[in-house]
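In case it helps, my numbering puts the sequence shown at residues 2 to 227. We put the beta carbon where it would ideally sit given N, CA and C, even for glycine. Since this is a predicted model, take the numbers as computed values, not measurements.
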Amino acid sequence: MRKLFFIMIFIFLVNCVLAQEEVTRYFDKDQLGIELLSVQWLTPPEGVEVEPYTNAFNLQYMVTLAGKNSNVALALGAGLLTENYHLNALPVKESNELVFVPIDEAIHYRRNKIRLLTLELPLELRIRTEKNSRNKHWKMYLGGKVGYKVQSMHKYIGDNPEFPEDNLKQKTYNLRYTEPLSYGVTARLGYGQFFISGYYSFTNQFQKDKGPELIPFMVGISLFLY
2 MRKLFFIMIF IFLVNCVLAQ EEVTRYFDKD QLGIELLSVQ WLTPPEGVEV EPYTNAFNLQ
62 YMVTLAGKNS NVALALGAGL LTENYHLNAL PVKESNELVF VPIDEAIHYR RNKIRLLTLE
122 LPLELRIRTE KNSRNKHWKM YLGGKVGYKV QSMHKYIGDN PEFPEDNLKQ KTYNLRYTEP
182 LSYGVTARLG YGQFFISGYY SFTNQFQKDK GPELIPFMVG ISLFLY
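Right under this line is the structure:
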């Protein structure tokens, strides 16, 4: 009877220790993050080229909803995405439709870009390994996000296409027929605070039958500050 009592006490203590170890496992919060991304369109209109230095910048704040001390967690957040498309064509409204007209090679310009500003709501399934001797672990974050465009703008600096002898500096806000809602899938693979990240959109950047079919995809790097 006494042996059984001590065995039960021993099992109880072991369970307490294991439970304590489970509670005190700590993973990186990865809450405030920044992304620098290269952006391209899947099928740009004929004659339209997206410059290689076309980019996007993303600022995100994430909160863990479940699995804070687990290898698998669920996180929800908010973000602000800025896309800068550097092109060789001008957006022009023609017959209730937005088209891109390539700039004549004789026209010299210093800047021609479209900027889109989007508020986002990202959701991620976060898979993490245990921390190693360097107090770091591998991470894979898979998820998606929805967004709402709050601003669209076209900026041009260069020769006036209509009067090449004159210079033109122009900003046009609220581009016609942009699609306000967006959604797509995201993926991040990282070690420590650094990640390789990607995004693929399921939505066109312009309304159906009102503009060219432009589906963006992005690849770049992410850094979580804390």
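What residue range is occupied by the uninterrupted beta strand (DSSP E) comprising residue i?
| i | result |
| --- | --- |
| Leu43 | No beta strand (DSSP E) contains Leu43, which DSSP labels as neither H nor E. |
| Lys30 | Careful: Lys30 lies outside any beta strand (DSSP E) and carries neither H nor E. |
| Leu77 | Val73 to His87 |
| Val49 | Segment: none, Val49 is in no beta strand (DSSP E) and carries neither H nor E. |
| Lys170 | Asn168 to Tyr174 |
| Asn161 | Looking at the DSSP string, Asn161 is not in any beta strand (DSSP E), and its letter there is neither H nor E. |
| Tyr62 | Asn56 to Ala67 |
Anyone know if the C-beta pair for residue i and residue j falls short of 8 Å?
| i | j | result |
| --- | --- | --- |
| Asn85 | Arg116 | yes |
| Glu98 | Gly212 | yes |
| Ser223 | Gly185 | no |
| Asn59 | Leu38 | yes |
| Lys146 | Leu122 | yes |
| Asp160 | His109 | yes |
| Val51 | Gln41 | yes |
| Ala76 | Leu143 | no |
As a quick exercise: from the options, pick the residue whose alpha carbon is nearest that of residue i.
| i | options | result |
| --- | --- | --- |
| Asn168 | Arg111, Ala79 and Gly148 | Arg111 |
| Lys150 | Leu176, Asp210 and Pro162 | Leu176 |
| Leu120 | Leu81, Val64 and Asn133 | Leu81 |
| Glu166 | Phe101, His138 and Ala107 | Ala107 |
| Pro229 | Phe225, Thr55 and Glu47 | A question about residue 229 goes unanswered here, because the residues of the chain that appear run from 2 up to 227. |
| Phe195 | Gly221, Leu143 and Thr65 | Gly221 |
| Gly78 | Leu126, Lys170, Glu214 and Lys132 | Leu126 |
| Leu66 | Pro45, Gly34, Leu124 and Glu47 | Leu124 |
| Thr83 | Met219, Leu226, Tyr227 and Phe225 | Met219 |
| Asn136 | Gly34, Pro46, Gly193 and Gln152 | Gly193 |
Give a single yes or no on whether residue i has its beta carbon closer than 7 Å to a heavy atom of the ligand ZN.
| i | result |
| --- | --- |
| Tyr86 | In terms of ligand content, the structure shown is empty, and the ligand ZN therefore cannot be addressed. |
Contained beta strand (DSSP E) runs [length at least 3] in the segment 90 to 155, N- to C-terminal order
90 to 94, 99 to 103 and 110 to 129
Counting Cβ pairs closer than 8 Å, one from the segment 180 to 189 and one from the segment 197 to 217, do we hit at least three?
yes
Is it a yes or a no for the segment 152 to 161 touching the segment 108 to 127, going by three-plus beta-carbon pairs under 8 Å?
yes
Inter-stretch contact (C-beta, 8 Å, three-pair minimum) for the segment 54 to 70 and the segment 90 to 109:
no
Return the chain-ordered ranges of every beta strand (DSSP E) run that is complete within the segment 191 to 216 and spans a minimum of 3 residues.
195 to 202
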